[in-house]
Amino acid sequence: MLSINPEYVEKILAGAKKYEFRKRLANKTVDKIIIYSTSPIMRVVGEVEVIKVISSSPSALWEQTKKSAGISRDKYRKYFKGCKVAYAYQLGEVVQYNPPKKLSEFNVNLPPQSFLYLSKGEVNNKIIK
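Everything in the sequence shown is counted per this note's numbering, starting at 5 for the first residue and increasing by one.
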């Protein structure tokens, strides 16, 4: 599970943002990101498949992803300022939860500050309900 700003969540759900940029990778291999939309939404709104992880210098990564980055070049550069390596999760199929779910439905009390790892069973049980 990842906390993502609502501006970017909307773009991911609409298919306009095909990359989720990070300064660090998850400690574990992930094949899916559960999307927690931060304030003012504060709900788990869906999930997105991770196709692959790309790592490169910030400038090279931008050139590779800019057409579907879903973020302005200025915001991208500010985010990666001072970083030698930048990472992007290439996003695939999106599933939107309707209605969005509370964190408590995933047995989570606080919004994730970084990656929060959930088992497939925990996720599948919540989608079906």
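Where a beta carbon is used, it is the ideal one built from N, C-alpha and C, also for glycine.
Keep in mind it's a predicted model, so treat the numbers as computed, not measured.
### Message
What does the alpha-carbon distance come out to for the pair Glu109 and Ser7?
### Response
Distance between the alpha carbons of Glu109 and Ser7: 16 Å.
### Query
If you compare alpha carbons, which of Ala90, Lys88, Asp35 is closest to Glu51?
It is Asp35.
### Query
Roughly how many angstroms lie between the CA atoms of Ala20 and Ser72, to the nearest whole one?
When rounded, the distance between both Cα atoms is 6 Å.
### Message
For Leu17 and Val48, which I take to be in contact (beta-carbon distance under 8 Å), what is that distance rounded to the nearest angstrom?
### Response
Leu17 to Val48, Cβ: 12 Å. No contact.
### Task
Quick one: using the 10 Å Cβ neighbour count with 16 as the cut-off for buried, is Lys22 buried or exposed?
Buried.
### Message
I need the straight-line Cα distance from Ile132 to Lys27, nearest angstrom please.
### Response
Bear in mind that a pLDDT of 43 at Ile132, under 50, signals an unreliable position, so the number given afterwards is only what the model happens to contain. Spanning the two alpha carbons is a distance of roughly 33 Å.
### Message
According to DSSP, Lys36 sits in a beta bridge with which residue or residues?
### Response
Partner(s): Glu53.
### Message
Tell me the rounded alpha-carbon separation between Thr69 and Lys85.
### Response
Rounded to the nearest whole angstrom, the C-alpha separation of Thr69 and Lys85 is 17 Å.
### Message
Within 8 Å, do at least three Cβ pairs link the region 52 to 59 to the region 104 to 124?
### Response
By the Cβ criterion, the region 104 to 124 is not in contact with the region 52 to 59, since fewer than three pairs of Cβ atoms, one from each stretch, lie closer than 8 Å.
### Message
If I follow the unbroken beta strand (DSSP E) through Pro104, where does it start and stop?
### Response
Judged by DSSP secondary structure, Pro104 falls within the beta strand (DSSP E) whose first and last residues are 90 to 105.
### Query
Taking Cβ positions, are Pro116 and Met5 nearer each other than 8 Å?
Here Pro116 is near Met5, since their CB atoms are less than 8 Å apart.
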